[in-house]
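Chemist:
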Amino acid sequence: MPATVGRRAGRFAQVQRLIRRIDRRTVVRLGVVAAVAYAAWLAVGLFGRPYNFFDMRIYHGAVVWWASGRELYEFISPGTTLGFTYPPFAGLLMLPMAYLSVGVAGLLNAVASIAALAVVLAALLRPIIDRLAWPLWFTVGIATALALALEPARETLGYGQVNLLLFALVMGDLVGLRWRSRRGTRYDPTAGPLHRFVFSGAWAGVGIGLATAIKLTPALFIVYLVITRQWRVAATAIGTTVGVTFASFAIVGAESRSYFGGVLWQTERVGAADMTPNQSLAGLLARLYDSIESPGLLWLAFSVLLLAVGLSRAATARADGDELTAFTLVGLTANVISPISWTHHLVWVIPAIIILADGALRRRDASRGLPPRVTNGLPDGGPPGVAGLRPPIWYPTLTGLRHGVAALGLYLLFLISPIWPYEHQLPEVSHYHHGLFGVLMENSLALALIVLVAALPWRPGAEPAFYPDRAGHQAGRRTHRPVVTRS
3 MPATVGRRAG RFAQVQRLIR RIDRRTVVRL GVVAAVAYAA WLAVGLFGRP YNFFDMRIYH
63 GAVVWWASGR ELYEFISPGT TLGFTYPPFA GLLMLPMAYL SVGVAGLLNA VASIAALAVV
123 LAALLRPIID RLAWPLWFTV GIATALALAL EPARETLGYG QVNLLLFALV MGDLVGLRWR
183 SRRGTRYDPT AGPLHRFVFS GAWAGVGIGL ATAIKLTPAL FIVYLVITRQ WRVAATAIGT
243 TVGVTFASFA IVGAESRSYF GGVLWQTERV GAADMTPNQS LAGLLARLYD SIESPGLLWL
303 AFSVLLLAVG LSRAATARAD GDELTAFTLV GLTANVISPI SWTHHLVWVI PAIIILADGA
363 LRRRDASRGL PPRVTNGLPD GGPPGVAGLR PPIWYPTLTG LRHGVAALGL YLLFLISPIW
423 PYEHQLPEVS HYHHGLFGVL MENSLALALI VLVAALPWRP GAEPAFYPDR AGHQAGRRTH
483 RPVVTRS
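Per the working numbering: the sequence shown = residues 3 to 489.
1. Please confirm whether Leu127 and Leu109 have their CB atoms less than 9 Å apart.
2. Excluding the 5 residues preceding and the 5 following Val349 in the sequence, name in chain order all residues of the same chain whose CB lies nearer than 6 Å to its CB.
3. In the DSSP assignment, find the unbroken alpha helix (DSSP H) run with Trp43 in it and report its ends.
4. Kindly say whether Pro341, judged by its beta-carbon, lies nearer than 9 Å to any beta-carbon of chain C.
5. In terms of alpha-carbon separation, which member of Asn337, Leu300, Ile294, Pro297 lies closest to Leu313?
6. How long is the line joining the alpha carbons of Pro80 and His405, rounded to whole angstroms?
7. With a floor of 4 residues, list each alpha helix (DSSP H) that falls wholly inside the stretch 331-355, ordered by position along the chain.
8. Please state the DSSP three-state secondary structure of Asp132.
9. Would you mind stating whether Ala100 and Val66 have Cβ atoms separated by less than 9 Å?
10. When DSSP labels each residue in this structure, what does Asp324 get in the three-state scheme?
11. In or out: Leu391 buried (at least 16 other Cβ within 10 Å) or exposed?
12. Can Thr242 and Val272 be called in contact, C-beta distance under 9 Å?
13. Taking the alpha carbon of Phe201 as the point to measure from, which residue in Arg182, Ile216, Ile210 has its own alpha carbon closest?
14. Around the C-beta of Val113, are 16 or more other C-beta atoms found within 10 angstroms, so that it is buried, or is it exposed?
15. Using only the alpha-carbon positions, how far apart do Phe416 and Ala15 sit?
16. Kindly confirm or deny that the stretch 282-289 and the stretch 439-449 touch, where touching means at least three C-beta pairs closer than 8 Å.
17. In the DSSP output, what is Glu465 paired with across the bridge?
18. If I'm right that Gly93 touches Trp68 with Cβ under 8 Å, what's the distance once you round it to whole angstroms?
19. Excluding the five sequence neighbours on either side, which residues of its own chain have a C-beta within less than 6 Å of the C-beta of Asp471, listed in chain order?
20. Would you kindly work out how many angstroms separate the C-alpha atoms of Ile240 and Leu176, rounded to a whole number?
21. One question on the structure: do Thr230 and Ala328 come within less than 9 Å of each other, judged by their Cβ atoms?
22. DSSP three-state label for Glu73, please.
23. What separation, rounded to the nearest whole angstrom, lies between the Cα atoms of Glu226 and Asp25?
24. Just mark Trp344 as buried or exposed, buried being the case when its beta carbon has 16 or more other beta carbons within 10 Å.
25. Judging by CA-CA distance, which residue of Leu159, Pro459, Met277 is the nearest neighbour of Arg365?
26. Alpha carbon to alpha carbon, what distance is there between Leu102 and Leu212?
27. Any idea what DSSP makes of Ala215, helix, strand or coil?
28. Given that a residue counts as buried once 16 or more other Cβ atoms are within 10 Å of its Cβ, and exposed if not, what is Asn111?
29. What three-state label does DSSP hand Val164 in the structure shown?
30. Taking the alpha helix (DSSP H) that Met443 falls in, what are its first and last residues?
31. Could you tell me if Asp132 is buried or exposed, where buried requires 16 or more neighbouring beta carbons within 10 angstroms of its beta carbon?
32. Output yes or no for whether 9 Å exceeds the beta carbon distance between Arg59 and Gly160.
33. Taking Pro98 as the reference, which of Pro89, Phe86, Tyr61 has the closest Cα?
34. Out of curiosity, what's the CA-to-CA distance linking Ile216 and Val30?
35. To the nearest angstrom, how far is it from the Cα of Gly411 to the Cα of Ala42?
36. For Glu52 and Gly105, what's the separation of their Cα atoms in angstroms?
Here you go:
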């Protein structure tokens, strides 16, 4: 008995010491994160729609049907005309759901998606946090809560979709590219081979390859890698996609032949182009023409134009040392030119908001007249400047205002998501039922995506993902010019 009492007293003393270490600032920060998370929860209830894992029910029903010995792509969800539309590799990954209930599968997907989003935000925000000396956990906690309230994230979780997981796979390759560019500083050469492999970034491209094998639209990132002459990463992505696809053929040949021989080309399986949740260019044109289908030649012409704009701007952003903006532009371009881009696909607005907000902070800080700094021949913060002290300007509070307003406006647009009060369905109701204002609101997210593809600014030298001495070779004709900025 005395020994037990002594152990309890020791544990109580440890708890007391831990409590003393938690200062008042930490308690306040915990309260702020909790308050933001609660506000985000209220926002989802206010601006979101009723969610019941609708898409998860289709996936779950399809894999249960498949596990019982029937053809995967013959499944049609009861009460709907919808079936399984992903490649066979995605079906193999989802097959374990057949042994779970819909609710459990949906909750596991939600937990995994939230965790993936938090990890991605930590990676994206880390350079900004380090520059501003903010606590990592505090910033990521607030950012995750704010991001989960946005239309793409709440629709993904509510419907049981996989977009945040695919987003994490692609952004994982961005982290790999960063680590490759810092080879020799990110890992200990004396460590084990696994440690060296992970921190060398040699695996960059695997995430894009897996995402492409699960859902075909990430293939545009492979095109971007080829255009920017990132041959090794592109080869890794292509090899991963081809490898897992052929492995799927070997395991489930009948389903693979069915998918690539017919299901892939049956666009009507996913819904009509003019449906309000389809915020792609094709959906925009279909609604403007007040037609169920988009005008084919016009859609093709504008798609090629926006594809060229998006990829060229992404390549230029990379050449100027901002790989995050390059990836974001590619993701946004994929959303725009895809025939169907439901609102839960539009997760690339999350890094777009981060880029705009960071651009505002960099311009504000650069206006304060602090000495510039160059790191490893590459800039570290702020817009282009000249060597020496930069004199402060007389309106520092207005510097970066347009970027800050754009970030806030974009966040509010995807938080409120004004498309739903003006949702229409042909042939019962015309898309012009509420006049010009209704048309603008019903297409507001699609218009925002097009504007971002054409005008999202990049931050020169913010987050380069290439070797400085090889920048000109890897980026093509453009050669990165070092920019000096504030420290």
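Glycine included, every Cβ here is placed at the ideal spot set by N, Cα and C. In this text, all values refer to a predicted model and were calculated from it rather than measured experimentally.
Modeler: In this structure, then:
1. Looking up residue 127 in the sequence shown gives position 125. Looking up residue 109 in the sequence shown gives position 107. Contact flag unset, no.
2. Indexing the sequence shown from 1 puts residue 349 at position 347. Result list for Val349: Pro154, Asn165, Phe169, in chain order.
3. On the sequence shown, position 41 is the one that residue 43 refers to. Its alpha helix (DSSP H) spans residues 26-49.
4. Of the chains in the structure shown, none is chain C; there is only one protein chain.
5. Reading the sequence shown from its first residue, position 311 is the one you call residue 313. Out of Asn337, Leu300, Ile294, Pro297, Asn337 has the C-alpha closest to the C-alpha of Leu313.
6. One-based indexing of the sequence shown puts residue 80 at position 78. One-based indexing of the sequence shown puts residue 405 at position 403. Each residue's alpha carbon lies about 47 Å from the other.
7. none
8. Here residue 132 refers to the residue found at position 130 of the sequence shown. Three-state DSSP puts Asp132 in a helix.
9. For the purposes of this step, residue 100 is identified with residue 98 of the sequence shown, where counting begins at 1. For the purposes of this step, residue 66 is identified with residue 64 of the sequence shown, where counting begins at 1. Contact: yes.
10. Taking the sequence shown and counting its residues from 1, the one referred to as residue 324 is at position 322. Looking at Asp324 - three-state DSSP - the assignment turns out to be strand.
11. Stepping through the sequence shown from its first residue, residue 391 is reached at position 389. Annotation note: pLDDT 45 at Leu391 (below 50); position unreliable, coordinate value reported separately. So Leu391 counts as exposed.
12. Working through the sequence shown from its first residue, we reach residue 242 at position 240. Working through the sequence shown from its first residue, we reach residue 272 at position 270. Their beta carbons are not under 9 Å apart, which means Thr242 does not touch Val272 by this criterion.
13. As a working mapping, residue 201 is identified with position 199 in the sequence shown. Ranking the options by Cα distance to Phe201, first place goes to Arg182.
14. Mapped onto the sequence shown, residue 113 falls at position 111. Exposed, because fewer than 16 other Cβ atoms sit within 10 Å of the Cβ of Val113.
15. Numbered from its first residue, the sequence shown carries residue 416 at position 414. Numbered from its first residue, the sequence shown carries residue 15 at position 13. Answer to the nearest angstrom: the Cα atoms are 48 Å apart.
16. yes
17. Looking up residue 465 in the sequence shown gives position 463. According to DSSP, Glu465 bridges with Asp324.
18. As a working note, residue 93 is residue 91 in the sequence shown. As a working note, residue 68 is residue 66 in the sequence shown. Confirmed, about 7 Å.
19. For the purposes of this step, residue 471 is taken as residue 469 along the sequence shown, with counting starting at 1. Here Asp471 scores only 42 on pLDDT, less than 50, and its place in the model should not be relied on; the value that follows carries that caveat. Around Asp471: no qualifying Cβ.
20. As a position in the sequence shown, residue 240 is number 238, starting the count at 1. As a position in the sequence shown, residue 176 is number 174, starting the count at 1. When rounded, the distance between both Cα atoms is 16 Å.
21. Against the sequence shown, residue 230 aligns to sequence position 228. Against the sequence shown, residue 328 aligns to sequence position 326. Their beta carbons are under 9 Å apart, which means Thr230 touches Ala328 by this criterion.
22. For the purposes of this step, residue 73 is taken as residue 71 along the sequence shown, with counting starting at 1. Coil at Glu73, not helix or strand.
23. Counting from one through the sequence shown, the residue named residue 226 turns up at place 224. Counting from one through the sequence shown, the residue named residue 25 turns up at place 23. For the sequence presented, residue 226 should be read as Tyr rather than Glu. C-alpha separation (whole angstroms): 47 Å.
24. By one-based count along the sequence shown, residue 344 stands at place 342. Buried is the call here.
25. Position 363 of the sequence shown, counted from the start, is the residue given in the question as residue 365. Ranking the options by Cα distance to Arg365, first place goes to Pro459.
26. Taking the first residue of the sequence shown as position 1, residue 212 is located at position 210. Taking the first residue of the sequence shown as position 1, residue 102 is located at position 100. Near 24 Å, if we compare the C-alpha coordinates of Leu102 and Leu212.
27. Along the sequence shown, read from residue 1 onward, the residue named residue 215 stands at position 213. It is helical.
28. Position 109 of the sequence shown holds residue 111. Per the 10 Å Cβ criterion, buried.
29. Numbered from 1 along the sequence shown, position 162 holds the residue referred to as residue 164. Coil, per DSSP.
30. Within the sequence shown, the letter at position 441 stands for residue 443. Here the alpha helix (DSSP H) through Met443 covers 437-444.
31. Along the sequence shown, one-based indexing puts residue 132 at 130. With fewer than 16 other Cβ atoms within 10 Å, it is exposed.
32. For the purposes of this step, residue 59 is taken as residue 57 along the sequence shown, with counting starting at 1. For the purposes of this step, residue 160 is taken as residue 158 along the sequence shown, with counting starting at 1. No, Cβ-Cβ distance for Arg59 and Gly160 is not below 9 Å.
33. One-based indexing of the sequence shown puts residue 98 at position 96. The option with the nearest alpha carbon to Pro98 is Tyr61.
34. Numbered from 1 along the sequence shown, position 214 holds the residue referred to as residue 216. Numbered from 1 along the sequence shown, position 28 holds the residue referred to as residue 30. About 42 Å.
35. Within the sequence shown, residue 411 is the residue found at index 409, counting from 1. Within the sequence shown, residue 42 is the residue found at index 40, counting from 1. So the alpha carbons of these two residues sit roughly 17 Å apart.
36. Walking along the sequence shown from the start, residue 52 turns up at place 50. Walking along the sequence shown from the start, residue 105 turns up at place 103. Checking the sequence, you will find Pro at residue 52 rather than Glu. In a straight line, the C-alpha of Pro52 is about 15 Å away from that of Gly105.
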